[in-house]
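Same order as they appear, the protein sequences are chains A and B.
The first sequence begins at 314 in this note's numbering and counts up one residue at a time.
The second sequence begins at 314 in this note's numbering and counts up one residue at a time.
Protein chains: 2
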Amino acid sequence: MVGLPARGKTYVARKIARYLSWSGRRTRLFNAGDYRRVMLGAQHTHEFFSPENAEGKASRLAVAKAALDEMFKWLRLDGDVSIYDATNTTRARRDLIREQCESEGVRPLFVEIICTNEAEIEATIRETKVASPDYAFLSADEAVQDFRNRIAHYASAYEPVGEDEGDFIKYIDKGAKLILKNVHDDLGQQLVRFLLNLRGTRKSIWLTRHGESMWNRSNLIGGDPDLSPSGRIFADRLAEFVNEHEAMRDVVVWTSMLKRTIQTASKIARPQQVFHQLDEINAGICEGMSYADIRQKLPEEAVARARDKFRYRYPRGESYQDLIERVVPVVLAYEREPRPLLVVGHQAVLRVFYTYLMGASPEGCPHVSIPLHTLIELSPRIYDCSEERIALLQ
Amino acid sequence: MVGLPARGKTYVARKIARYLSWSGRRTRLFNAGDYRRVMLGAQHTHEFFSPENAEGKASRLAVAKAALDEMFKWLRLDGDVSIYDATNTTRARRDLIREQCESEGVRPLFVEIICTNEAEIEATIRETKVASPDYAFLSADEAVQDFRNRIAHYASAYEPVGEDEGDFIKYIDKGAKLILKNVHDDLGQQLVRFLLNLRGTRKSIWLTRHGESMWNRSNLIGGDPDLSPSGRIFADRLAEFVNEHEAMRDVVVWTSMLKRTIQTASKIARPQQVFHQLDEINAGICEGMSYADIRQKLPEEAVARARDKFRYRYPRGESYQDLIERVVPVVLAYEREPRPLLVVGHQAVLRVFYTYLMGASPEGCPHVSIPLHTLIELSPRIYDCSEERIALLQ
């Protein structure tokens, strides 16, 4: 990452890290500020960050090198992608990073975050910096003033990424403008696609499975059945809940193309949108069978599935890993959507989407609990979500 | 489009038009040069294009307005996207276009093509301009010289698209650099994704279905069967053909994940790559049935399919229209790949890919003939492909 303080680097870096991890790349974030606080203690006022302060400068370089060492150690052992979240606002610092990358055989890509909107910067300072351990001993206004001084130190030495500095993405004003240099490989394209959709608006999201279907009653997998009588009661309760819930006034409802989600959402008086990418996992030749049928008729499939439920692909159907790829457009639409959302989906597809929203490990997604007739409410915090579960039908 | 002559505007415009049409947007290209030649006759030397030539300037404006009129007429009646392929190198011209767009309720997006590589420009002039009807009366060298003079006239008045000119994409040096301004909607994102993959390298591509499978013999749909004895003979012939064919020396082989394509390619001594997006159309609940079975057991499905084979989706399976969406990553990988390709696929999925390669109408794709045991060779020309079909097994 490259950019002055309070431009949203950490916000974008965490979003990217979560998205890449979810999509199957082993990704880790290394935040230089965290290393500084661990190595040197918190509570440095702006003087520490002045380019004139030789001692501060040496300490900050030592911190940067320590964080980079940890980062390369991790890349050597376990990692696909690491994100070095620091200001990196001087060419000298970026040259240091590039040289180390070259000697490690790692491809560097600079992601520079630029914000020209002063009100946006002020909001970021008040929201993410005032509560920082760096300012435990200052009032909010003192903290803001000190942080402005810290920014001024960085601004005095700031050199934006130059045309001759290799591959880069410049992300300007929340993506209103992007400049891409040599961003052609899979990872680069994945980043661009994500950044084009990242609008940075915060909203709540509610997830629920469809009401009980006729096939749920007889334990059959897949298909396109209607709701059962009990599923229809859930649909009524859900509509009542949404209508009575002030926070859900501007909600948009997303369903799959299958009858059981459309029927579940049908009584909700809110705009509705259908995504075929929200259809339930395709069980291929096992559609219409029960798990008992599979164990009996296709025992080798039952064994393979039990061995690795994440990677197991139903013959002519899908795996959870395949689902992640299929759900990408839903995740991007979520990042782009400014309004709160209610998603009426299916067990496997919601496990995959929930795993993204909560930043959980993708390999764990087959084991996420998404019970029938329960509404899961996720409320955004600065960098993550809080969760509440509401049983609408006992 | 925006850009000086011989920057590759028409090449990019045609590629975009083909891709958007294939993906389901009704798209048409309006080339100002074609309108000029029709309205004013061909064979204008460079003096006609000088900004000093008042008469030429008035004629060129009249041509531009006529082309724009046609374009808006088409957008009003039938179109989703039109591409206005002209230099549009002055702000005044772009203002005219933007005003007309506004009064028509059409969203303008400027795609500016910039090339800083002189050798590339020279090659474009020699390849696409010397043979133009404009130069029927000149030698090649005279044509090149005149065209250079024409470029100089445009260059003298060139104003690159400015920050205040609304939404734009700047495509620089074949995509080595891209600048995106407010490109967030679906169409814009689709364009960016395509342009990030468009490398502009020309190569031949060979398409073939897998050899006959055991299920082909009994007329069953889908599944993951092995090759039949006759299919295995085809696999041998195909490997011999590739090995003996000098033009296929550097070929890369793409297969689906299904056994019948992997077995068909298995004896070819060339690098191989598996794409699950090349798997055959998913026939959902009809997998493992014959068409006669479907007519008998699911007559309403047989009727719906006969009525609209392009949009018909097998229950829990896919339609041809769905296949287009699924095949997008293959098309992008094709545009990105510098080496010649041999694709070993399946009937429906090859119909969809072939339709892209030939720039044919997507709705016609269910009716493209892709016989078993036949190699289809597509050789690139400047703006399209020529085709040859070779029966390897009678």
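Idealized CB from N, CA, C, for every residue including glycine.
Check your understanding: So does the segment 663-678 of chain A actually touch the segment 525-536 of chain A, counting three or more Cβ pairs closer than 8 Å?
Key -> no
Point to revise | Where Val657 (chain B) falls, given that 16 or more other Cβ within 10 Å makes a residue buried | key: buried
Point to revise | Interface flag, Pro675 (chain B) vs chain A, CB-CB below 8 Å | key: no
Review point. What does Thr613 (chain B) touch in chain A if you count any residue whose Cβ is under 8 Å from its own?
Key: According to the sequence shown, residue 613 (chain B) is Glu rather than Thr. Going along chain A, no residue has its Cβ under 8 Å from Glu613 (chain B), so there is no contact; the nearest lies around 14 Å.
Point to revise | Buried or exposed by the 16-neighbour rule on C-beta atoms within 10 Å, applied to Pro542 (chain A) | key: exposed
**Study point:** Cβ neighbour criterion (16 or more within 10 Å) applied to Asn430 (chain B)
**Key:** exposed
Check your understanding: Three-state secondary structure (DSSP) at Gln707 (chain A)?
Key -> coil
Review point. Can you find a C-beta in chain A that's less than 8 Å from the C-beta of Ile710 (chain B)?
Key: The structure shown does not extend to residue 710 (chain B), since chain B is modelled only from 314 to 707, so the question has no answer here.
Check your understanding: How many angstroms separate the CA atom of Asp454 (chain B) from the CA atom of His357 (chain B)?
Key -> 16 Å
Point to revise | Test: Glu600 (chain B) CB closer than 8 Å to a CB of chain A | key: yes
Check your understanding: Candidates A:Gln502, A:Arg373, A:Arg515, A:Leu509: which alpha carbon is nearest Leu509 (chain B)'s?
Key -> A:Gln502
Practice item. Could you name the residues of chain A that Pro628 (chain B) contacts, counting a contact when the two beta carbons are closer than 8 Å? Key: Asp537
Check your understanding: What residue range is occupied by the uninterrupted beta strand (DSSP E) comprising Phe481 (chain A)?
Key -> 481-485
Practice item. Less than 8 Å between the CB atoms is what I'm expecting for Thr568 (chain B) and Gln585 (chain B), so what's the real figure, rounded? Key: 6 Å
**Study point:** Classification of Phe507 (chain A) by the beta-carbon crowding that lies within 10 angstroms, buried from 16 upward
**Key:** buried
Practice item. Tell me whether the beta-carbon of Glu525 (chain B) lies closer than 8 Å to the beta-carbon of Leu655 (chain B). Key: no
Check your understanding: With a Cβ-Cβ cutoff of 8 Å, do Asp606 (chain B) and Arg629 (chain A) count as a contact?
Key -> no
Exercise for review: Run the CB neighbour count on Phe343 (chain B), radius 10 Å, all protein chains shown included, and call it buried at 16 or more, exposed below.
Suggested key: buried
Practice item. Kindly provide the ranges of any alpha helix (DSSP H) runs that are 4 or more residues long and lie completely inside the segment 489-549 of chain A, ordered along the chain. Key: 499-510, 527-530
Point to revise | Extent of the continuous beta strand (DSSP E) run through Val656 (chain B) | key: 654-658
**Study point:** Burial state of Tyr696 (chain B) (16 or more Cβ within 10 Å)
**Key:** exposed
Check your understanding: Where does Ser334 (chain B) fall in DSSP's three states?
Key -> helix
Review point. Bridge partners of Pro713 (chain A), per DSSP?
Key: Outside the modelled stretch of chain A, which goes from 314 to 707, sits residue 713 (chain A), for which no answer is possible.
Exercise for review: Please determine, among A:Leu520, A:Gly475, A:Arg350, the residue with the shortest C-alpha to C-alpha distance to Ser445 (chain A).
Suggested key: A:Arg350
Practice item. Starting from Ala617 (chain B), find everything on chain A with Cβ-Cβ shorter than 9 Å and list it in chain order. Key: Simply none; closest approach about 14 Å.
Check your understanding: Looking only at C-alpha atoms, which of A:Cys599, A:Ala405, A:Tyr669, A:Ala596 sits nearest to Glu638 (chain A)?
Key -> A:Tyr669
Exercise for review: Please report how far the alpha carbon of Ala436 (chain B) lies from the alpha carbon of Ser517 (chain B), in whole angstroms.
Suggested key: 20 Å
Practice item. May I have the straight-line CA-CA distance separating Thr577 (chain B) from Glu553 (chain B), to the nearest angstrom? Key: 12 Å
Point to revise | Interface partners of Asn495 (chain A) on chain B, CB under 7 Å | key: Ala489
Point to revise | Chain-ordered chain A contacts of Gln502 (chain B) [CB-CB under 8 Å] | key: Arg506, Leu509, Asn510
Review point. Hey, quick one: how far does the alpha helix (DSSP H) through Ser395 (chain A) stretch, first residue to last?
Key: No alpha helix (DSSP H) contains Ser395 (chain A), which is instead part of the beta strand (DSSP E) from 394-398.
Check your understanding: Based on the DSSP secondary-structure assignment, which residues constitute the bridge partners of Cys698 (chain A)?
Key -> A:Pro693
Point to revise | Host beta strand (DSSP E) of Arg341 (chain A) (start-end) | key: 340-344
Review point. For Ser452 (chain A), is the classification buried or exposed, using 16 other Cβ atoms within 10 angstroms of its Cβ as the cut-off for buried?
Key: exposed
**Study point:** Three-state class that DSSP yields for Thr323 (chain B) in the structure shown
**Key:** helix
Review point. Relative to the C-alpha of Lys572 (chain B), which residue among B:Thr441, B:Glu593, B:Met314 is closest?
Key: B:Glu593
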